[in-house]
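Residue numbers (full-length UniProt numbering): 12 to 479. Note that CB positions come from ideal geometry on N, CA and C, so glycine has one too.
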Ligand code: ADP
Ligand code: MG
């Protein structure tokens with residue numbers, strides 16, 4: 012019966028999907044209307060339940076009629092963490108399945124919220140949902156001197172994924188300069204030009220979460236296998252992997268597999284490879300195999316173009332001199348440029364006021380002030396090191412000199428106070444320390460504030476500078 016089911020399933024889903032998800036299944040027993048099958052892991056069961064319920068149901072109903080029932084047995088994982096071999100040839104009735112999931116056919120997936128958000132149910136194929144945001148396209152990624160190399164390399168990769176020298180393509184640059192946008196645009200373009208390709212966009216942070224989850228659930232192999240199915244892998248913000256050696260390790264293997272098989276890898280980072288700390292050398296060297304393209308701050312002309320594009324998109328008209336005023340005064344990054352023009356549009360429509368330079372001045376002033384509240388670790392390092400007349404390298408160094416240690420601890424304290432960064436991230440940015448060091452720094456600062464008047468004065472000075 013099971014073999015006939017398999018044949019039916021095979022005819023209805025892709026070859027690769029079949030090999031992955033159905034070949035490892037063992038049929039154990041057929042009792043009345045129930046077919047007992049054994050799957051290698053819980054992940055497997057969940058995956059089947061979520062994605063192949065329909066085809067399983069059809070196959071079974073065809074073979075066993077409408078009362079057909081499917082019972083999954085999950086190979087047990089014992090407490091020591093090793094998979095227990097499940098090889099004894101006892102008659103199946105004597106087996107004690109430790110985990111049995113009953114699946115009545117007809118069936119509804121119990122949890123409509125997919126456990127693995129990257130895979131959508133598909134009868135014909137394992138479909139990996141690309142997670143791409145189609146609002147981010149090449150069309151609305153305006154070209155300028157600052158992004159020309161990255162943009163053109165991205166276009167080339169989109170035309171021939173895996174078939175250019177740009178593998179991996181690493182796009183790096185500061186916050187809000189368009190890395191994520193460009194990464195999506197490449198993926199969207201690939202989906203458009205090569206619909207057969209499996210594309211996946213994922214942030215390094217989510218990648219890490221998935222990985223640690225898989226370790227916890229002992230499904231690390233499934234995790235790796237999943238990534239090997241991908242033709243174009245886009246990992247955003249890989250600097251996040253700093254110091255995460257387990258995740259770096261698994262990423263290294265996935266990277267190698269994909270690269271060796273001519274698959275395209277696209278990475279983004281807020282730093283150039285040379286400046287990435289706490290990333291293993293073997294990974295860094297691979298990042299350099301392809302092309303590293305920097306996105307820089309947009310020049311005035313590009314900023315004007317970006318603003319005009321937003322106005323055009325939103326169907327808003329604004330005098331040229333106002334647009335230029337905004338472009339001249341918001342130089343930090345594109346995200347803030349967008350924020351500024353959007354709040355200007357909002358102001359003018361709330362108050363039904365014409366957009367004039369005066370209104371723009373008003374709004375931009377307020378806007379720039381608000382933006383300032385989002386202080387970056389880099390900015391904190393700069394303020395603190397300037398204050399103590401140190402350079403940032405010294406601040407981050409291993410020096411145990413008292414004034415340097417205190418400066419460093421202050422920087423960590425303020426980074427915790429003013430940014431949303433994790434302790435681990437703060438530690439890694441301020442001189443490759445771990446999260447415990449940052450925690451210790453924060454406690455020390457708290458103590459010194461109560462005991463050391465001079466320290467407290469410094470603290471307040473810096474705090475004032477940071478909140479200006
Ligand atoms: P990053 O990932 O580098 O921090 P994002 O890709 O999130 O930056 O970009 C921030 C915002 O700026 C996004 O809304 C993006 O659409 C916009 N943006 C960045 N660069 C451009 C560009 N060249 N043209 C149009 N919009 C851009
Ligand atoms: Mg980004």
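Report yes if the C-beta distance between residue i and residue j is below 7 Å; otherwise report no.
| i | j | result |
| --- | --- | --- |
| residue 309 | residue 299 | no |
| residue 278 | residue 246 | yes |
| residue 158 | residue 275 | no |
| residue 255 | residue 219 | yes |
| residue 396 | residue 403 | yes |
| residue 456 | residue 438 | no |
| residue 187 | residue 344 | yes |
| residue 386 | residue 460 | no |
| residue 175 | residue 169 | no |
| residue 12 | residue 56 | no |
| residue 263 | residue 294 | yes |
| residue 236 | residue 265 | no |
| residue 52 | residue 223 | no |
| residue 418 | residue 399 | yes |
| residue 143 | residue 199 | yes |
| residue 329 | residue 379 | no |
| residue 334 | residue 318 | yes |
| residue 44 | residue 68 | no |
| residue 453 | residue 424 | yes |
Apart from the five residues just before and just after residue i, which ones in its own chain have a Cβ nearer than 7 Å to its Cβ?
| i | result |
| --- | --- |
| residue 314 | 338, 348 |
| residue 113 | Since pLDDT at residue 113 reaches only 35, below the 50 mark, its modelled position is unreliable, and the value read off the structure follows with that caveat. The answer, listed in chain order, is 82. |
| residue 15 | 74 |
| residue 390 | none |
| residue 259 | 252, 290, 291, 294 |
| residue 66 | 20, 23, 24, 134 |
| residue 122 | Model confidence at residue 122 stands at a pLDDT of 35, short of 50, so the residue's coordinates are unreliable; what they give is reported in the following sentence. Answer for residue 122: no residue qualifies. |
| residue 282 | 183, 250 |
| residue 108 | Any reading at residue 108 must be qualified, since the residue scores a pLDDT of 34, below 50, and its modelled position is unreliable; no value is offered. |
My assumption, with CB atoms under 8 Å, is that residue i sits in contact with residue j. Please give the rounded CB distance.
| i | j | result |
| --- | --- | --- |
| residue 288 | residue 253 | 6 Å |
| residue 192 | residue 152 | 6 Å |
| residue 420 | residue 388 | Incorrect: roughly 14 Å between the Cβ atoms, too far for contact. |
| residue 446 | residue 435 | 4 Å |
| residue 225 | residue 248 | So it is not a contact: roughly 20 Å between Cβ atoms. |
| residue 202 | residue 296 | Incorrect: roughly 30 Å between the Cβ atoms, too far for contact. |
| residue 173 | residue 316 | Not confirmed; about 32 Å, so no contact. |
| residue 405 | residue 415 | 6 Å |
Return the bridge partner residues of residue i from the DSSP annotation.
| i | result |
| --- | --- |
| residue 71 | Its beta-bridge partners do not exist; DSSP assigns none. |
| residue 303 | 181 |
| residue 280 | 183 |
| residue 46 | 41, 81 |
| residue 211 | 244 |
| residue 275 | 243 |
Below 6 Å CB to CB, which residues in the same chain sit around residue i once its five sequence neighbours on both sides are set aside?
| i | result |
| --- | --- |
| residue 19 | 70 |
| residue 46 | 81 |
| residue 104 | Only weak support is given to the placement of residue 104: the predicted model assigns it a pLDDT of 32, under 50, and the value that follows is read from those uncertain coordinates. There are no such residues. |
| residue 147 | 192, 195, 196 |
| residue 304 | 160, 161, 164, 182 |
| residue 422 | 391, 392, 395, 441 |
| residue 215 | 246, 248, 249, 251, 252 |
| residue 36 | 48, 50 |
| residue 346 | 187 |
Suppose the cutoff is 8 Å on Cβ atoms and the five residues either side in sequence are ignored; what does the same chain contact list for residue i look like?
| i | result |
| --- | --- |
| residue 375 | 336, 337, 340, 341, 351, 355 |
| residue 180 | 164, 165, 168, 197, 275, 276, 277, 278, 301, 302, 304 |
| residue 462 | none |
| residue 30 | none |
For ligand 4, I want to know if residue i counts as a neighbour, meaning its beta carbon is within less than 6 Å of at least one of the ligand's heavy atoms.
| i | result |
| --- | --- |
| residue 190 | This structure does not include ligand 4; its bound ligands are ligand 1 and ligand 2. |
Measuring only between beta-carbons, confirm whether residue i sits less than 7 Å from chain D.
| i | result |
| --- | --- |
| residue 393 | Looking at the structure shown, chain D is missing, and only one protein chain is on hand. |
Would you mind listing the alpha helix (DSSP H) stretches within the UniProt region "Domain IV, binds dsDNA" (360 to 479) that are 4+ residues and don't spill past its ends, in chain order?
-> For the alpha helix (DSSP H) assignment, the uninterrupted runs of no fewer than 4 residues enclosed by the UniProt region "Domain IV, binds dsDNA" (360 to 479) are, from N- to C-terminal side, 368 to 383, 388 to 398, 403 to 407, 413 to 429, 434 to 440, 446 to 462, 464 to 478.
Taking the runs of the alpha helix (DSSP H) that are 4 residues or longer, which of them lie wholly in the stretch 290 to 347?
-> 292 to 298, 311 to 325, 331 to 340, all fully within the stretch 290 to 347.
At 4 residues or longer, and completely inside the stretch 144 to 207: list those alpha helix (DSSP H) runs for me, N to C.
-> Listed in chain order, the alpha helix (DSSP H) elements of length 4 or more contained wholly in the stretch 144 to 207 are 159 to 170, 190 to 204.
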